[in-house]
Amino acid sequence: MPKWLHTVSHFQFMQNNPKWPVDKTNLTYAFPKNYSETYVSPVVRAFNTWAAASGYFTFSRVDDFANADLKISFERGNHGDGSPFDGPSGVLAHAFSPTDGRLHFDADENWSVGPEPVPDTIDLQSVALHEIGHLLGLAHSEDENAAMWSSFPVGSLKGLNSDDIQGIKALYIVT
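Here it is, written out as C-alpha coordinates:
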(Lines of atoms letter the chains of each structure in order from A and count residues from 1; the text may use other names and numbers.)
(Lines give C-alpha, C1' and ligand atoms only; values in the text may rest on other atoms or scores of the structure.)
Protein backbone atom coordinates (compact mmCIF):
# COMPACT_ATOMS: atom_id res chain seq x y z
CA MET A 1 0.00 0.00 0.00
CA PRO A 2 1.51 3.39 -0.93
CA LYS A 3 2.18 5.93 1.77
CA TRP A 4 0.60 9.32 1.18
CA LEU A 5 2.02 12.52 2.46
CA HIS A 6 -0.79 14.69 3.71
CA THR A 7 -0.01 18.37 3.35
CA VAL A 8 -2.27 21.26 4.19
CA SER A 9 -1.64 24.90 3.39
CA HIS A 10 -2.27 27.28 6.26
CA PHE A 11 -1.35 30.58 4.59
CA GLN A 12 -3.98 33.27 4.23
CA PHE A 13 -4.34 36.42 2.17
CA MET A 14 -5.38 39.82 3.43
CA GLN A 15 -9.03 40.79 3.11
CA ASN A 16 -10.00 41.43 -0.53
CA ASN A 17 -6.65 39.96 -1.70
CA PRO A 18 -4.76 43.23 -2.22
CA LYS A 19 -1.72 42.73 -4.45
CA TRP A 20 0.95 44.77 -6.14
CA PRO A 21 0.18 45.41 -9.83
CA VAL A 22 1.56 42.77 -12.18
CA ASP A 23 4.04 45.25 -13.66
CA LYS A 24 5.36 46.16 -10.19
CA THR A 25 7.72 43.33 -9.30
CA ASN A 26 10.70 45.51 -8.33
CA LEU A 27 9.65 47.34 -5.17
CA THR A 28 11.73 50.19 -3.81
CA TYR A 29 12.15 50.68 -0.08
CA ALA A 30 13.59 53.44 2.06
CA PHE A 31 14.31 54.42 5.63
CA PRO A 32 14.20 57.98 6.97
CA LYS A 33 17.58 59.73 6.82
CA ASN A 34 20.18 59.05 9.52
CA TYR A 35 18.95 55.56 10.40
CA SER A 36 21.63 53.42 11.95
CA GLU A 37 22.87 50.64 9.66
CA THR A 38 22.68 48.45 12.77
CA TYR A 39 18.89 48.45 12.38
CA VAL A 40 18.79 48.72 8.59
CA SER A 41 20.88 45.60 7.88
CA PRO A 42 18.46 43.02 9.39
CA VAL A 43 15.58 44.53 7.41
CA VAL A 44 17.63 44.42 4.20
CA ARG A 45 18.40 40.74 4.89
CA ALA A 46 14.66 40.11 5.30
CA PHE A 47 13.95 41.73 1.92
CA ASN A 48 16.67 39.58 0.34
CA THR A 49 15.10 36.47 1.88
CA TRP A 50 11.67 37.28 0.42
CA ALA A 51 13.22 38.05 -3.00
CA ALA A 52 14.99 34.68 -3.09
CA ALA A 53 11.97 32.74 -1.83
CA SER A 54 9.29 34.41 -3.95
CA GLY A 55 10.92 33.98 -7.34
CA TYR A 56 8.84 37.02 -8.25
CA PHE A 57 9.85 40.15 -6.36
CA THR A 58 13.07 42.11 -6.26
CA PHE A 59 13.68 44.91 -3.79
CA SER A 60 15.86 47.97 -4.24
CA ARG A 61 16.89 50.34 -1.49
CA VAL A 62 16.53 54.02 -2.40
CA ASP A 63 17.26 57.24 -0.53
CA ASP A 64 14.01 58.98 -1.53
CA PHE A 65 11.77 58.06 1.42
CA ALA A 66 8.78 60.06 0.16
CA ASN A 67 8.63 58.25 -3.19
CA ALA A 68 9.65 54.73 -2.15
CA ASP A 69 7.08 51.96 -2.60
CA LEU A 70 7.83 50.69 0.90
CA LYS A 71 8.57 53.07 3.78
CA ILE A 72 10.19 51.55 6.87
CA SER A 73 10.48 53.41 10.17
CA PHE A 74 10.67 53.00 13.93
CA GLU A 75 7.84 54.78 15.73
CA ARG A 76 6.52 55.28 19.27
CA GLY A 77 3.02 55.52 20.72
CA ASN A 78 0.50 57.39 18.60
CA HIS A 79 2.42 58.04 15.40
CA GLY A 80 -0.40 59.16 13.11
CA ASP A 81 -1.50 56.01 11.28
CA GLY A 82 -4.45 55.06 13.48
CA SER A 83 -2.58 52.11 15.03
CA PRO A 84 -0.64 53.44 18.03
CA PHE A 85 2.08 51.36 19.64
CA ASP A 86 1.75 50.25 23.24
CA GLY A 87 5.35 50.46 24.49
CA PRO A 88 7.55 47.47 25.35
CA SER A 89 5.98 44.04 24.91
CA GLY A 90 2.72 43.73 23.07
CA VAL A 91 2.51 44.97 19.48
CA LEU A 92 6.00 44.75 17.97
CA ALA A 93 5.33 46.19 14.52
CA HIS A 94 2.68 46.60 11.89
CA ALA A 95 2.56 46.90 8.13
CA PHE A 96 -0.13 47.89 5.71
CA SER A 97 -1.33 45.88 2.74
CA PRO A 98 -0.39 46.54 -0.88
CA THR A 99 -0.05 49.20 -2.18
CA ASP A 100 0.09 51.37 0.97
CA GLY A 101 3.64 50.28 1.73
CA ARG A 102 4.14 51.49 5.32
CA LEU A 103 6.01 49.29 7.82
CA HIS A 104 6.45 50.55 11.39
CA PHE A 105 8.49 48.92 14.14
CA ASP A 106 7.81 49.82 17.78
CA ALA A 107 10.89 51.81 18.83
CA ASP A 108 10.25 50.93 22.49
CA GLU A 109 10.94 47.21 21.99
CA ASN A 110 14.23 45.60 22.97
CA TRP A 111 15.42 44.66 19.48
CA SER A 112 18.30 42.33 18.64
CA VAL A 113 20.08 42.26 15.31
CA GLY A 114 22.06 39.09 15.84
CA PRO A 115 22.57 36.08 13.82
CA GLU A 116 21.94 34.24 17.09
CA PRO A 117 18.91 34.47 19.39
CA VAL A 118 19.40 36.78 22.37
CA PRO A 119 17.38 36.16 25.56
CA ASP A 120 14.79 38.82 26.44
CA THR A 121 15.00 40.51 23.02
CA ILE A 122 13.00 40.54 19.81
CA ASP A 123 14.84 39.57 16.63
CA LEU A 124 14.43 42.41 14.15
CA GLN A 125 15.06 40.32 11.03
CA SER A 126 12.43 37.75 12.05
CA VAL A 127 9.81 40.43 12.67
CA ALA A 128 10.78 42.18 9.41
CA LEU A 129 10.18 38.91 7.51
CA HIS A 130 6.69 38.75 8.99
CA GLU A 131 5.85 42.39 8.29
CA ILE A 132 7.20 42.29 4.73
CA GLY A 133 4.82 39.38 4.18
CA HIS A 134 1.98 41.77 5.06
CA LEU A 135 3.41 44.43 2.72
CA LEU A 136 3.20 41.82 -0.04
CA GLY A 137 -0.39 40.83 0.80
CA LEU A 138 -0.11 37.84 3.13
CA ALA A 139 -2.24 37.66 6.27
CA HIS A 140 -1.45 35.56 9.35
CA SER A 141 -0.87 31.87 8.82
CA GLU A 142 -2.42 29.11 10.90
CA ASP A 143 0.98 27.35 10.88
CA GLU A 144 2.80 28.26 14.09
CA ASN A 145 6.15 27.54 12.40
CA ALA A 146 5.51 30.05 9.62
CA ALA A 147 7.00 33.53 9.66
CA MET A 148 3.43 34.73 9.09
CA TRP A 149 2.20 33.17 12.37
CA SER A 150 0.49 35.90 14.42
CA SER A 151 2.83 35.97 17.42
CA PHE A 152 6.55 35.89 17.98
CA PRO A 153 8.33 34.44 21.01
CA VAL A 154 10.90 36.60 22.79
CA GLY A 155 14.49 35.43 22.40
CA SER A 156 13.97 33.36 19.26
CA LEU A 157 14.61 33.51 15.52
CA LYS A 158 12.19 32.69 12.74
CA GLY A 159 12.69 32.25 9.00
CA LEU A 160 10.38 31.62 6.09
CA ASN A 161 8.96 28.12 5.89
CA SER A 162 7.17 26.27 3.11
CA ASP A 163 3.78 27.72 4.11
CA ASP A 164 5.07 31.30 3.72
CA ILE A 165 6.63 30.48 0.36
CA GLN A 166 3.54 28.63 -0.91
CA GLY A 167 1.42 31.59 0.17
CA ILE A 168 3.38 34.23 -1.73
CA LYS A 169 3.60 32.02 -4.81
CA ALA A 170 -0.14 31.32 -4.72
CA LEU A 171 -1.02 35.00 -4.29
CA TYR A 172 1.10 36.06 -7.25
CA ILE A 173 0.62 32.83 -9.26
CA VAL A 174 4.31 31.95 -9.41
CA THR A 175 5.02 28.42 -10.63
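The UniProt record's numbering numbers the first residue of the sequence shown as 1 and each following residue consecutively. Backbone N, C-alpha and C define an ideal beta-carbon position, used for all residues, glycine too. Since the structure is predicted, the reported quantities are computational estimates derived from the model, not experimental observations.
Test item: CB-CB of residue i and residue j under 9 angstroms
| i | j | result |
| --- | --- | --- |
| THR28 | PHE59 | yes |
| ASP106 | ARG61 | no |
| THR99 | ASP69 | yes |
| LEU138 | LEU171 | yes |
| PHE47 | THR25 | no |
| ALA147 | SER126 | yes |
| SER41 | VAL113 | yes |
Closest Cα partner of residue i within the set the options
| i | options | result |
| --- | --- | --- |
| ALA128 | VAL43, GLY80 and ASN78 | VAL43 |
| SER73 | LYS33, ILE168 and LEU157 | LYS33 |
| ASP163 | SER150, LEU157 and GLU142 | GLU142 |
| residue 215 | ALA30, LYS158 and TYR35 | One cannot answer for residue 215 here, as it falls past the ends of the chain, which runs 1 to 175. |
| GLU131 | PHE152, SER36, SER112 and VAL113 | PHE152 |
Cβ-Cβ separation, residue j to residue i (assumed contact under 8 angstroms), whole Å
| i | j | result |
| --- | --- | --- |
| LEU135 | GLU109 | Between GLU109 and LEU135 the Cβ distance is about 19 angstroms, and since that is not below 8 angstroms, they are no contact. |
| VAL154 | THR121 | 7 angstroms |
| ALA30 | ASP63 | 6 angstroms |
Enumerate, from N- to C-terminal direction, the unbroken beta strand (DSSP E) stretches of 3 or more residues contained entirely within the UniProt domain "Peptidase metallopeptidase" (16-174). The qualifying runs are 26-30, 58-61, 70-75, 93-95 and 102-106.
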